[in-house]
Each structure stands twice: as C-alpha cells, then as structure tokens.
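There are 4 protein chains.
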Amino acid sequence: MIPDDEFIKNPSVPGPTAMEVRCLIMCLAEPGKNDVAVDVGCGTGGVTLELAGRVRRVYAIDRNPEAISTTEMNLQRHGLGDNVTLMEGDAPEVLGEIPDIDIAVVGGSGGELQQILRIIKDKLKPGGRIIVTAILLETKFEAMECLRDLGFDVNITELNIARGRALDRGTMMVSRNPVALIYTGVSHENKD
Amino acid sequence: MIPDDEFIKNPSVPGPTAMEVRCLIMCLAEPGKNDVAVDVGCGTGGVTLELAGRVRRVYAIDRNPEAISTTEMNLQRHGLGDNVTLMEGDAPEVLGEIPDIDIAVVGGSGGELQQILRIIKDKLKPGGRIIVTAILLETKFEAMECLRDLGFDVNITELNIARGRALDRGTMMVSRNPVALIYTGVSHENKD
Amino acid sequence: MIPDDEFIKNPSVPGPTAMEVRCLIMCLAEPGKNDVAVDVGCGTGGVTLELAGRVRRVYAIDRNPEAISTTEMNLQRHGLGDNVTLMEGDAPEVLGEIPDIDIAVVGGSGGELQQILRIIKDKLKPGGRIIVTAILLETKFEAMECLRDLGFDVNITELNIARGRALDRGTMMVSRNPVALIYTGVSHENKD
Amino acid sequence: MIPDDEFIKNPSVPGPTAMEVRCLIMCLAEPGKNDVAVDVGCGTGGVTLELAGRVRRVYAIDRNPEAISTTEMNLQRHGLGDNVTLMEGDAPEVLGEIPDIDIAVVGGSGGELQQILRIIKDKLKPGGRIIVTAILLETKFEAMECLRDLGFDVNITELNIARGRALDRGTMMVSRNPVALIYTGVSHENKD
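Residue numbers (this note's numbering), protein chains in the order written: chain A, 2 to 193; chain B, 2 to 193; chain C, 2 to 193; chain D, 2 to 193.
Next up, the structure:
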C-alpha cells in the first residue's frame, strides 16, 4: 500500500484516502489481473494508483480538472499509469463511454450517486463488486438505499482510525474522520 | 455545560476539554455543593469552570502562567471564579498547600503523574473521587497502574466522539481525538 | 448518573441507554426544576429515571407493555416516580394527551419518527430541546432530515465508547455499539 | 481475504481476527512470495491462513493445543497448509527452532511479549517487519516500549470497526472491540 505521505497533494482536491481505508477497499474489491475497474471521483488518485498496480485497466473519472492532473502526477511519480485512462467530466456522462467493469469504487459522486450507481449496475459484469466510500451521513444512507433498490445485498462497515503521533511526552492518538464503506455482495437479480 | 466555542483560547494552552468529555467528567465526579475539588493542569479552564458552578471551592493548578491567566479570563467571562483559587506552579509542590479534597480531576501532569496521584490519595476524603483524563497512550497505562498500586478499584472508559459539520453537500462527521477517562471506584484501603 | 447495572432488565425491552450516553443526553437536555419532559420509547427507563430526578414532570411513553412495567419497577427501585406519568401506547396517539413540553427525548419511534417529531414540535415550548438517540443508520438520517425540514438547526454527535474490563492478563477494552444523538438548537421558525 | 464466518471456531480459542484487521495486517506485512513468516499465538488461524497464501513458509506457534488443531482444521478447509509448520509450545522456546524471518505477527504472547520480541528481533532479516496486535491496554503500552527499546521506529494504529447488521427496522451498526496494531518501521540499529 502506498503511504499517505507519498502522494502529491493539491489543496483543492480531496484525498488521498487513508492508507488503512485503501487497504480495506482493495480487500473488498478483490482485484484480479484481468479485471477492469472504474474509480469514480478519483481525487488525488489514492484508489486509482492501488487499482493500477493490480488490474488490467482502470478508468479514473473526476469532474475537477485539478483532480485529473493530480492523479496523473501521482501515477507518474509512482511509475504507474500505462493501464489508466483519465477521464475529466461528470460521471453519469463519462461512464457511458467505458466498457463493462468488474470493480467500481465510488469515492465522490457530486450529488449524483443514484444515477451513477444505476449506470454502474448496468455495466457490472457477473460477480462484479461495487464499493462506495462515504464520509457524509447522507451518502451512507443513500448508498445503502440505492444499492438495495437496485437488487444488491448491501453491507456497510464504518472505520474509526486513530494513529499514534510521537510527542516528547508520549504517544498521542490522533483520529482520522470516520469513513464508511458500503459494498455489495451478490445482486439478487443476478442470482436468477 | 458550557459550549466549547464560548471559551477564550490561547494557542500555547491546551483545551478546552470537549463538551462531551467535560460532561462525562462531571457525571463521574458527582460534584456536591459542599465539595472541595482540585483541577490539576487546568489549561484553558474547561473543567475548572464546570466545577466552579457545582462545588464549594475549586483549586485550579497549572505550571504554565498562560494557562492560569486563560482560566482566569474564562472564569470572568462566565461570571464564575468567586470560589476558585488559581495556583501557578508544579502540581506536586502546590498540592501540598491545599486542604483535603472530595474531587480530583487530573488533566495534565507534566510527567509527574505518579507523584501527583500519591499526594492526591493522601488528601482524598473518604468517598472521594479521582478522574484522570488521558490523551497519551502512556498516560492511560500509567494512570491505571498507579491508581491500582495505590489500592483503588480503577475503571477506564475511552470516548471516540464525532460531530456533524454541515456542508453544502451534506453532513460530514468530524472526529475528535480519542480521550480516556481513568477513574476510581472505592479504594481497597479505605474499605477497611 | 445511575450505573447501568443498577437497572432491572427485561430481555424483551431494550436498554438501559449506556450511562455515558444518558450523561450526554442530560447535558444537552439542560433539565430545569420546572421543566416538563417526555421520553418517547422509554424502554428500560434509563432516561426517564434521570429526567425524573431533575424536572417537574416526566411523561414516559412506550407501546410495549413490558417496557412500561420495567420502567415502573426501576422507578420504584430508585425511589423515583412521583412525578412520572407512564403511558402505554403508540407515541403519535399518546403524545396528543400530554401538555406542552420543554424537553423531548426520543429513544424509540417504532417507525413513526417523522410523525412523532412533528407532534413534538407543536408541543415544544419556546427554548425547548429535542434529542433523538439513534442506533440505526436510517434513524440518524431521518432524524436529521426531519428536524431540518421542521425548521430547526440540527446537530449530530456520534459516540463510540469502550470500557475497560479487567482480565487476569490485563485490561481489555470492550466497545459499546455506536450511538448518535441528533439534537436541536434554535428553531428557525421560533426565531421570528 | 477469507470472511470471518468461513473459519471453524473453537470456544476455547480466540479469533479469528476480524477480516478488516487481517486486511490491514497484510498491508503492513507486505508479504512476498519468498518470505518466511511467523505467527505467534496463531489462535484460530486467521492470520496464518492469510500468510500461507502469500509467502513461502509460515511458522504458526501457539501453546494451546486446541489452537494448533483449530488452525490445522482451518488450513485443511481452505486447501492451505502445505507451507505451514504448526508448532505447539511456549513461543520463547519454540521460536529458537525456526530460521530467520521476514515477517513476524504477534497476536498472543502469554505474558512473555518482551522476551518474544527480543528473540524475533534477533531472527529478523534486514528489512523485516514486526506487527503486534493488541486488545489489552497493557499490551499496547508494552509493545510500544519494548520495540522502541529494541531500536525500532514504532507506529501504532488503532481500529474501531462497526459493521451494519440488517434488522427489520433498519441497519444497526455493531461495534467490534478496538484493536491496535503496533508495527515497526526501520530499526535504528539496522540503519548503521
């Protein structure tokens, strides 16, 4: 896993997702060498870079041009990117241009989560996995509701992470903000 | 409970202790109108002010002169302080000058936690309560060990608090750093 | 604060609310000696008992008859209850029978949270406080949405509490399930 | 990552370590195909199985014979184990029999953590990684102190995990007990 402090950051771009969270996303995504993945709301590129080292092709989408350029710089810095397609634009439109996918990670949705998840469902190959990362209360609820409405078994795990910081007088535990991962098991429709 | 943002702050003084933590400290301290309390490491004055409104007398100790003056300003701002004695100096020395106590809250110890707790034990009236707030891993361990060595039943509760922050796109949960409260039940020695 | 283990429990009744959470509820409720309070979904009676010792009158509502009888037993056990009216029934109906209130704590809503909060708003005196405790993701979202729609400034605080348990080999930290408190500031409508 | 509920469990054996924690352990351990790893206090076998699928050889140690047999059953169940050496006995003794290692995961220490870490340090190849999982307050402190005394840069990360449980009325968040991972960066001695 790439350490958080080895990413180039841009104050107008969120991320990178904390190492511990990227780690769990990769566990849940079960990336395979022939998989096709999409990272919706790629931000700083944290998830895109992890996927790039593990799957055949990654589509990284963000409507913020600075997110696209920051992700690009981070890919270069870590010698990754040959298998990454960077796509600037609104996810619901841009998603129409990509092929079917095995893995979808949704880290940012610009208020269009339901539409995004509906398109992702249509493009998801049998056995595919969807993972939504949520820091907003509303996103946790909407992602659960929407994925359930789309026929998936849905799980949610919330992570509260605190890291030790060495001070002169001892080790202070410093909290990260809580992050929830909402992720799919098998789709009930796909089961038929 | 006084809201966190109604305290005057000083960048070189820690605190105030989060409202939710002060709230639990007050529950555990069970302040009575005739009680005498000490706040060791009073910092910004968060705990001192809460005690001041509930007990007969509070001794607020800090070796940082800016903490003493910040606590003083906060007492004035909230119309409290008539029953508060501010004492600048190292706790092990200054504690020698105060009378017996019903409540001791130790929020800062300057590396002298064991010595402080030993003196507090000697000054603690029967049925008195000791509460140590700890943000350092080492303090959690030392407070537990030391209070147990002094013959107390010791409890520890750790609080991870996240508060919602309203953003345009929703409610982001923002974590406070974890705080542990180590507090005494009945002293085994006192039982005899 | 009454310790958790001093409540009579009934396996078919939830509660009592953890001491640390009751403590924060009391801080947010700011109970006054002349206040009238309602506890919707009183369960084991944890919140009802705390309110009973602090306000003029408490209305404790639950549609589960065993919750009502458990709360009654706990009131008796702690010498409280003279100022408590126990009301068995569905909250939206029963709430119609009580006078105006200063404090409303909603710990259980039986799927009727929106209706309950609308009635509570109508009965809330100027400066009154509403506190919803939520352990379900959906309740957190709905309470926020609904109170906001009713014109209130709404806050949410989530508590993750771990308590030490003494084992032979050391102190194991044991987590309580996360609880969120959704609570009102000033109502925008009342401001006018 | 193997789901928690796909492990055979034994009431007298702790574990398996939660999937999310195993996931982070694997991230920190950075297992390579030619690596040699030891799992001290293998319990149910959660970490041993994950290592078995990723490294050349795993030594799984536990002084509880039922832990050894439970780990063995889990290895068989998941078609793993060809590269695992199960060793029943006290870790300080048994560790003397294994070759040098790239990865050490210490999940249980039977009160002999310092001795175990000292031996592990002697057997650790350059660039090797040590990860201690701690659920006891005392273990967190001791692991930090001891690894620091042995000359390592030490990090600590604490995980509070809550998983959604689907109920009729909504999604209840259910907490796991907090787990800390204490892990090494570069050893200062090795730097010379």
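Ideal Cβ positions, reconstructed from N, Cα and C, are used throughout, including at glycine.
- Interface flag, Thr140 (chain C) vs chain B, CB-CB below 8 Å: For the purposes of this step, residue 140 (chain C) is taken as residue 139 along the third sequence, with counting starting at 1. Using beta-carbon distances, Thr140 (chain C) does not count as an interface residue toward chain B, since no partner is under 8 Å.
- According to the Cβ coordinates, are Gly108 (chain C) and Val48 (chain C) closer than 8 Å? If you number the third sequence from 1, residue 108 (chain C) lands on position 107. If you number the third sequence from 1, residue 48 (chain C) lands on position 47. Judged by their CB atoms, Gly108 (chain C) and Val48 (chain C) are nearer to each other than the 8 Å cut-off.
- Query: Are the C-beta of Met145 (chain C) and some C-beta of chain A separated by less than 8 Å?
  - Reply: Position 144 of the third sequence, counted from the start, is the residue given in the question as residue 145 (chain C). Proximity of Met145 (chain C) to chain A, defined by a Cβ-Cβ separation below 8 Å, is satisfied.
- Message: So, at 6 Å on beta carbons, what are the nonlocal neighbours of Asn156 (chain A) in its own chain, with the 5 sequence-adjacent residues on each side left out?
- Response: Mapped onto the first sequence, residue 156 (chain A) falls at position 155. Excluding sequence positions up to five before and after Asn156 (chain A), its CB lies within less than 6 Å of the CB of Tyr184, all in the same chain and listed in chain order.
- Message: So for Gly47 (chain D), helix, strand or coil by DSSP?
- Response: Taking the fourth sequence and counting its residues from 1, one reaches residue 47 (chain D) at position 46. Helix at Gly47 (chain D).
- Touching by the beta-carbon criterion (3+ pairs, under 8 Å), the stretch 69-87 of chain A and the stretch 6-15 of chain A: Contact between the stretch 69-87 of chain A and the stretch 6-15 of chain A is present, with at least three C-beta pairs closer than 8 Å.
- Cβ-Cβ distance between Leu118 (chain C) and Arg170 (chain D) below 8 Å: As a first step, residue 118 (chain C) must be located in the third sequence, where it is residue number 117. As a first step, residue 170 (chain D) must be located in the fourth sequence, where it is residue number 169. No, Cβ-Cβ distance for Leu118 (chain C) and Arg170 (chain D) is not below 8 Å.
- Task: Please work out which residues of its chain come closer than 6 Å, Cβ to Cβ, to Leu114 (chain D), disregarding the five sequence neighbours upstream and downstream, and give them in chain order.
- Result: Locating residue 114 (chain D) in the fourth sequence gives position 113, counting from the first residue. Within the same chain, Leu114 (chain D) has close Cβ partners Glu143.
- Message: Just to check my reading of the structure: Ala19 (chain C) and Arg166 (chain C) have Cβ atoms closer than 8 Å, yes? What is that Cβ distance to the nearest angstrom?
- Response: Position 18 of the third sequence, counting from 1, holds the residue named residue 19 (chain C). Position 165 of the third sequence, counting from 1, holds the residue named residue 166 (chain C). The beta carbons of Ala19 (chain C) and Arg166 (chain C) sit about 14 Å from each other, so the pair does not count as a contact at 8 Å.
- Message: Looking at chain D, is there any beta carbon in it that lies within less than 8 Å of the beta carbon of Ile136 (chain B)?
- Response: In the second sequence, counting from the first residue as 1, residue 136 (chain B) sits at position 135. No, its Cβ sits nowhere closer than 8 Å to a Cβ of chain D.
- 8 Å Cβ cut-off: residues of chain D touching Ile157 (chain B): Start at 1 with the first residue of the second sequence, and residue 157 (chain B) comes out as number 156. Counting only Cβ-Cβ distances below 8 Å, Ile157 (chain B) has contacts in chain D at Leu138, in chain order.
- Query: By Cβ distance below 7 Å, which residues in the same chain neighbour Arg78 (chain A) in space, the five residues on each side in sequence not counted?
  - Reply: Residue 78 (chain A) sits at position 77 when you count from the first residue of the first sequence. Closer than 7 Å at the Cβ level, and outside the excluded window around Arg78 (chain A), lie Ile9.
- Query: Going along chain A, which residues have a C-beta under 7 Å from Arg208 (chain B)?
  - Reply: Past the edges of chain B, shown from 2 to 193, lies residue 208 (chain B), and the structure says nothing about it.
- Would you call the stretch 27-39 of chain C and the stretch 55-67 of chain B in contact, with 3 or more CB pairs under 8 Å? No, the stretch 27-39 of chain C is not in contact with the stretch 55-67 of chain B.
- Message: Could you check whether the Cβ of Val175 (chain B) sits closer than 8 Å to any Cβ belonging to chain A?
- Response: Your numbering for residue 175 (chain B) matches position 174 in the second sequence. Chain A, which has a Cβ nearer than 8 Å to the Cβ of Val175 (chain B), makes this yes.
- Secondary structure at Glu67 (chain D), three-state DSSP: helix, strand or coil? Reading the fourth sequence from its first residue, position 66 is the one you call residue 67 (chain D). If DSSP states are grouped into helix, strand and coil, Glu67 (chain D) belongs with the helices.
- Measure the C-alpha to C-alpha separation of Pro1 (chain B) and Lys124 (chain B) and round it to an integer number of angstroms. Missing from the structure shown is residue 1 (chain B); chain B here goes from 2 to 193 and no further.
- Query: When the distance is taken between beta carbons, is Ile3 (chain C) closer than 8 Å to Leu50 (chain C)?
  - Reply: Position 49 of the third sequence, counted from the start, is the residue given in the question as residue 50 (chain C). Position 2 of the third sequence, counted from the start, is the residue given in the question as residue 3 (chain C). Result yes, Cβ atoms of Leu50 (chain C) and Ile3 (chain C) sit closer than 8 Å.
- Spell out the partners DSSP gives Glu89 (chain B) in its beta bridges. In the second sequence, the residue the question calls residue 89 (chain B) occupies position 88. According to DSSP, Glu89 (chain B) bridges with B:Asp63.
- Give a yes or no on whether the minimum CB-CB distance between Ile3 (chain B) and chain C is below 8 Å. Indexing the second sequence from 1 puts residue 3 (chain B) at position 2. Not flagged as an interface residue toward chain C: Ile3 (chain B), since no C-beta distance is shorter than 8 Å.
- Task: Starting from the C-beta of Leu25 (chain A), find all residues in its chain whose C-beta is less than 8 Å away, skip the five residues before and the five after it, and write them out in chain order.
- Result: On the first sequence, position 24 is the one that residue 25 (chain A) refers to. Hits under 8 Å: Thr158, Leu160 and Leu182.
- Measure the Cβ-Cβ separation of Asp250 (chain B) and Val106 (chain B) and say whether it is below 8 Å. The structure shown does not extend to residue 250 (chain B), since chain B spans only 2 to 193, so no value can be given for it.
- Query: Taking the alpha-carbon positions, what's the Val180 (chain D) to Pro179 (chain A) distance?
  - Reply: For the purposes of this step, residue 180 (chain D) is taken as residue 179 along the fourth sequence, with counting starting at 1. For the purposes of this step, residue 179 (chain A) is taken as residue 178 along the first sequence, with counting starting at 1. Taking the straight line joining both Cα atoms gives about 16 Å.
- Span of the beta strand (DSSP E), counted from its first residue to its last, around Ile3 (chain C): Position 2 of the third sequence, counted from the first residue, corresponds to residue 3 (chain C). DSSP places Ile3 (chain C) outside any beta strand (DSSP E), giving it a letter other than H or E.
- Per-residue DSSP class, three states only, for Ala19 (chain D): For the purposes of this step, residue 19 (chain D) is taken as the residue at position 18 of the fourth sequence. Looking at Ala19 (chain D) - three-state DSSP - the assignment turns out to be coil, as it is neither helix nor strand.
- Query: If you count every other CB in all the chains shown that lies within 10 Å of the CB of Lys141 (chain B), and 16 or more means buried, which is it?
  - Reply: The residue given as residue 141 (chain B) occupies position 140 in the second sequence. Around the C-beta of Lys141 (chain B), 16 or more other C-beta atoms lie within 10 Å, and the residue is accordingly described as buried.
- Is the beta carbon of Lys126 (chain B) sitting closer than 8 Å to the one on Leu151 (chain B)? In the second sequence, residue 126 (chain B) corresponds to position 125, counting from 1. In the second sequence, residue 151 (chain B) corresponds to position 150, counting from 1. Not a contact, by the Cβ cut-off of 8 Å.
- Using a beta-carbon distance below 8 Å, is Asn11 (chain A) in contact with chain B? Here residue 11 (chain A) refers to the residue found at position 10 when the first sequence is read from its first residue. Not an interface residue.
- Determine whether the Cβ of Thr49 (chain D) lies closer than 8 Å to any Cβ atom of chain A. Taking the fourth sequence and counting its residues from 1, one reaches residue 49 (chain D) at position 48. Chain A contact via Cβ: absent.
- Query: CA-CA distance, Ile7 (chain A) and Tyr60 (chain A)?
  - Reply: Reading the first sequence from its first residue, position 6 is the one you call residue 7 (chain A). Reading the first sequence from its first residue, position 59 is the one you call residue 60 (chain A). The sequence given here places Glu at residue 7 (chain A); Ile does not occur at that position. Roughly 22 Å between the two C-alpha positions.
- Item | Chain-order list of residues whose beta-carbon lies under 8 Å from that of Thr172 (chain C) (same chain, five-residue window excluded) | As a working note, residue 172 (chain C) is residue 171 in the third sequence. Once the five neighbours on either side are set aside, the close Cβ partners of Thr172 (chain C) are Gly165 and Arg166.
- Message: Below 7 Å on C-beta distance, what does Asn161 (chain D) contact in chain B?
- Response: Translated into the one-based positions of the fourth sequence, residue 161 (chain D) becomes position 160. For Asn161 (chain D), the neighbours in chain B by C-beta distance under 7 Å run, in chain order, Asn161.
- Any beta-carbon of chain B closer than 8 Å to the one on Thr185 (chain C)? The residue given as residue 185 (chain C) occupies position 184 in the third sequence. So, not an interface residue.
- Message: Tell me which residues share the same chain as Asp91 (chain D) and place their Cβ nearer than 8 Å to its Cβ, disregarding the 5 neighbours each side in the sequence.
- Response: Here residue 91 (chain D) corresponds to residue number 90 of the fourth sequence, with the count starting at 1. Taken in chain order, the residues that qualify are Arg64, Gly111 and Glu113.
- Just the C-alpha distance for Asp154 (chain B) and Glu146 (chain D), rounded to the nearest angstrom, thanks. As a working note, residue 154 (chain B) is residue 153 in the second sequence. As a working note, residue 146 (chain D) is residue 145 in the fourth sequence. When rounded, the separation of the alpha-carbon atoms in Asp154 (chain B) and Glu146 (chain D) is 25 Å.
- What does a CB cutoff of less than 8 Å around Ala163 (chain B) pick up in its chain, not counting 5 residues either side in sequence? As a first step, residue 163 (chain B) must be located in the second sequence, where it is residue number 162. Excluding the 5 residues flanking it on each side, Ala163 (chain B) has same chain C-beta neighbours closer than 8 Å at Met174, Val175, Ser176 and Arg177, in chain order.
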